[in-house]
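Notes to accompany the following structure.
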Amino acid sequence: MENPQNIVKHAFNEAIKNLFPEFDKEAIIAISNPNFGDYQCNSCMTIFSQFKGKLEGIKSPRDIGMKIKDYIEKNGDLSINFKSIEVAPQGFITIKLSDEFIQNNLSKLQEMDEVKVTPTMKFHCKSGRKTPKVIVDFSSPNIAKEMHVGHLRSTIIGDTTCRILEYLGFEVLRVNHVGDWGTQFGMLIEYLKEEYPTFVENLPEISDLQEFYKNSKKRFDTDPQFKLRSQQNVVMLQGGDQDALTAWKKICEVSRVEFQKIYDRLGIRLEEFGESYYNDMIPGVVKMLDEKGILKLDNGAQCVYTKINEIPLMAVKSDGGYGYDSTDLAAIHHRLITLDADWVIYTTDMGQEEHFMKLFDVAETMGWHDPSNTRLFFIGFGVIQGEDGKKFKTRSGDVVKLTELIDEGVARAKKELVDRRNQRRSDQTNKSNTDVEVDHPNIDDSDLDLMANTIGHAAIKYFDLKQNRLTNYRFSFDRMLDPKGNTAVYLLYAYARICAIFRKVEFIQSDNSMVIKQKVSNFKLKISNNVERKLSIQLLRFPEVFDGILNDFFPNRLADYCYELSECFAQFYTECRIIGLEEQQLEQSRLLLCFLTKQILLKGLDLLGVETLEKI
190 MENPQNIVKH AFNEAIKNLF PEFDKEAIIA ISNPNFGDYQ CNSCMTIFSQ FKGKLEGIKS
250 PRDIGMKIKD YIEKNGDLSI NFKSIEVAPQ GFITIKLSDE FIQNNLSKLQ EMDEVKVTPT
310 MKFHCKSGRK TPKVIVDFSS PNIAKEMHVG HLRSTIIGDT TCRILEYLGF EVLRVNHVGD
370 WGTQFGMLIE YLKEEYPTFV ENLPEISDLQ EFYKNSKKRF DTDPQFKLRS QQNVVMLQGG
430 DQDALTAWKK ICEVSRVEFQ KIYDRLGIRL EEFGESYYND MIPGVVKMLD EKGILKLDNG
490 AQCVYTKINE IPLMAVKSDG GYGYDSTDLA AIHHRLITLD ADWVIYTTDM GQEEHFMKLF
550 DVAETMGWHD PSNTRLFFIG FGVIQGEDGK KFKTRSGDVV KLTELIDEGV ARAKKELVDR
610 RNQRRSDQTN KSNTDVEVDH PNIDDSDLDL MANTIGHAAI KYFDLKQNRL TNYRFSFDRM
670 LDPKGNTAVY LLYAYARICA IFRKVEFIQS DNSMVIKQKV SNFKLKISNN VERKLSIQLL
730 RFPEVFDGIL NDFFPNRLAD YCYELSECFA QFYTECRIIG LEEQQLEQSR LLLCFLTKQI
790 LLKGLDLLGV ETLEKI
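Counted the way our numbering counts, the sequence shown spans residues 190 to 805.
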């Protein structure tokens, strides 16, 4: 799909370059108020300010706008895609795309086997690659601790980031930097030995990892002998003792099983590169830092100071051991140099931003990172709060387990579905006056369970992804399961409604995309009113989302687009009869709009990690 905003921008860039050659900035193009046009150029004020009093006959930004308008209109190659160009008194230039341009570009989408987008952003890559090799670090829970609500944002935002990059043709490595190393493993190993003496032969089923961790910590804090044995375990583990390593591996194995249950439920794919993976690399990286002359001794510790602030990264602790900073330094070197990544993206909470800025600064100082051909990016996010605006906790004050959060979302979704089904069954005469029904009264319990899982998972994911990632947000099942407004439920109903339309069409009677595509392959789009035009423009804007996301990695750009598309379709569905029209060409055109909306909404939701339902 072509990006219409770029086509508009090209026309204005050409005009400005030829009319004002000393103006070296690109045209500022924005989506216009639909009452005035499709796009708007906001460059006239800037141009006027730069050349004020220097251009003959130019007395206001509007005069600049009129010159640009005249230039484009006199150059057919630039104006061919535009229906009209208007200049406001303030100098804003609004344009409307021609119906021919809209119809021709949607016809190209119609011909595609699947919706494809080519990003227009220029990439700097190593080794002459056309698209970057990207490593995305996300989720990253700690071994022997259950995943909780604090892991939700990193897991979901990171997954959507990967889905989008993969869709755009990037080579992506999804990295799970699990916390699988550290002094806490001494007490965990000792507790495992005590509670499960046959753990080597029989892997224990530790259903409550949080309780396992809390119990071992309690023993560590209250039993001096247990604490001593735990400290000895740390020495043995770091020294490569076989028994200690076996116990450590068992603890990691139990944790992975529990993590994977959540990843499977949420449809998350990851490759584990835990902290322990970098242990053998740390001494070599410390040596590089020393040879570069940036290691400084501070109270016995070997530190690296950066230009971010006065607090250094600690490459080697005062006791000669290694910590999180050491591991992260080894990891970023491994990713940029050994794995030869062009981009490395870290997805974690905003509280860690300073740490990663220091890490990026060291990588650049060491020459591992060159901003001209590599990219380091921190995708930070705010915290999830309770509905009271405070830290999200259970009534007892404990952290909310992620698995319990998902369970409750599914349970609430099922209750909503059961209530809707029962209402439909009790009032069969309450027929919709629209073309199709979406709520089905005869759905059986097994289908209901499948729907509840899909809706529950989608509601939790989408509610997070629609937020500005930099801000905190208040978690609310009531709001996320609301069938009205910007929610996954609303979008899923929109998709199901489109599927229901095609099941009702006599010559299609299917919601399968391949079947529908074949049936509508010869249909021609003909825009007959402003509602159809509004939906068509929104469909064309799908590629615009991705240039923005590649710049700032805000997934709510895509969520907002899907919601706006669903709203446009809802208006189209309400105001334009689709099935049973006397004019066959008009019916075919509207069915084609339904199909294109179905395809783009399906792709958008898939990139957000949201599964769809053909029936609800």
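Where a beta carbon is used, it is the ideal one built from N, C-alpha and C, also for glycine.
May I ask which residues mark the beginning and end of the beta strand (DSSP E) holding residue i?
| i | result |
| --- | --- |
| S273 | 271-276 |
| K311 | Per DSSP, K311 belongs to no beta strand (DSSP E) and is neither H nor E. |
| V364 | 360-365 |
| T350 | Counting along the chain, T350 falls outside any beta strand (DSSP E), though it belongs to the alpha helix (DSSP H) covering 341-356. |
| I220 | 218-220 |
What is the DSSP secondary structure of residue i, counted as helix, strand or coil?
| i | result |
| --- | --- |
| Q491 | strand |
| Q229 | strand |
| N661 | coil |
| N202 | helix |
| G598 | helix |
| L775 | helix |
| N192 | coil |
| N331 | strand |
| G674 | coil |
| G368 | strand |
| K792 | helix |
| D624 | Note that D624 scores a pLDDT of 43, beneath 50, so its modelled location is shaky; the value from the coordinates is reported in the next line. Three-state result, D624: coil. |
Identify the continuous alpha helix (DSSP H) that holds residue i and give its terminal residues.
| i | result |
| --- | --- |
| D326 | That residue, D326, is in no alpha helix (DSSP H); its beta strand (DSSP E) goes 322-326. |
| L747 | 745-764 |
| T435 | 431-455 |
| L286 | Counting along the chain, L286 falls outside any alpha helix (DSSP H), though it belongs to the beta strand (DSSP E) covering 282-286. |
| I257 | 250-263 |
| N740 | 733-741 |
| M301 | Taken as a continuous stretch (DSSP letters only), M301 belongs to no alpha helix (DSSP H), as it is neither H nor E. |
| G798 | That residue, G798, is in no alpha helix (DSSP H); it is neither H nor E in DSSP. |
| R668 | 666-669 |
| Q414 | 413-427 |
| N642 | 634-654 |
Between the Cα of residue i and the Cα atoms of the options, which residue gives the shortest distance?
| i | options | result |
| --- | --- | --- |
| Q194 | L208, T592, M555, L728 | L728 |
| L797 | I269, Y260, I284, L654 | L654 |
| S778 | I767, I451, Y684 | I767 |
| L486 | G473, S507, A683, I471 | S507 |
| L528 | F388, E245, V325 | V325 |
| F237 | Y466, T536, P250, A490 | P250 |
| T643 | S699, Y662, L794 | L794 |
| R601 | D671, A552, D550, D577 | D671 |
| F664 | I573, E211, Y356 | I573 |
| G368 | N331, T387, E379 | N331 |
| V423 | F570, L434, Q414 | L434 |
| E400 | G737, R363, I697, A333 | A333 |
| R686 | E803, N488, M310 | E803 |
| G489 | G509, K481, I483, P501 | G509 |
| D633 | T660, A647, L659, K603 | K603 |
| S710 | K311, L785, G769 | L785 |
| D667 | R342, L502, R658, V678 | V678 |
| D538 | D514, F545, F570, A520 | F570 |
Given the structure, does residue i come close to the ligand NAP, in the sense that its CB is under 7 Å from one of the ligand's heavy atoms?
| i | result |
| --- | --- |
| S221 | Within the structure as shown, the ligand NAP is missing, as the structure has no ligands at all. |
| alpha helix (DSSP H) runs wholly inside the segment 694-728, at least 4 long, in chain order | 702-709
| task | Can you check the segment 458-539 for any alpha helix (DSSP H) of at least 4 residues that lies completely inside it and give the ranges in chain order? | result | With a minimum length of 4 residues, the continuous alpha helix (DSSP H) runs that stay inside the segment 458-539 are 471-481, 513-522.
| field | Cβ contact check for the segment 194-207 and the segment 253-262: 3 or more pairs under 8 Å | value | Output reads yes: the segment 253-262 touches the segment 194-207.
| query | Do three or more CB pairs link the segment 746-764 to the segment 269-279 at distances below 8 Å? | reply | no
| query | In chain order, which beta strand (DSSP E) runs of at least 3 residues are fully inside the segment 530-593? | reply | 532-538, 564-570
| task | Say whether the segment 337-349 touches the segment 571-591, bearing in mind that this needs 3 or more beta-carbon pairs closer than 8 Å, one atom from each stretch. | result | Judged by Cβ distances under 8 Å, the segment 337-349 makes contact with the segment 571-591, as three or more pairs qualify.
| request: Could you tell me which uninterrupted alpha helix (DSSP H) segments, each at least 4 residues in length, are contained entirely in the segment 373-406, listed from first to last along the chain? | output: 373-384
| request: Please determine if the segment 222-240 and the segment 281-300 are in contact, where contact requires at least 3 C-beta pairs separated by less than 8 Å. | output: yes
| said: So, does the segment 732-740 touch the segment 699-713, judging by three or more C-beta pairs under 8 Å? | reply: no
| query | Are the segment 339-355 and the segment 446-463 touching, with three or more C-beta to C-beta distances below 8 Å? | reply | yes
| query | Touching or not, the segment 537-555 and the segment 399-406, by the rule of three or more beta carbon pairs under 8 Å? | reply | Contact between the segment 537-555 and the segment 399-406 is absent, because fewer than three Cβ pairs lie under 8 Å.
| Would you call the segment 562-571 and the segment 519-537 in contact, with 3 or more CB pairs under 8 Å? | yes
| request: May I ask you to verify whether the segment 412-422 touches the segment 368-377, counting CB pairs closer than 8 Å and requiring at least 3? | output: Touching, yes.
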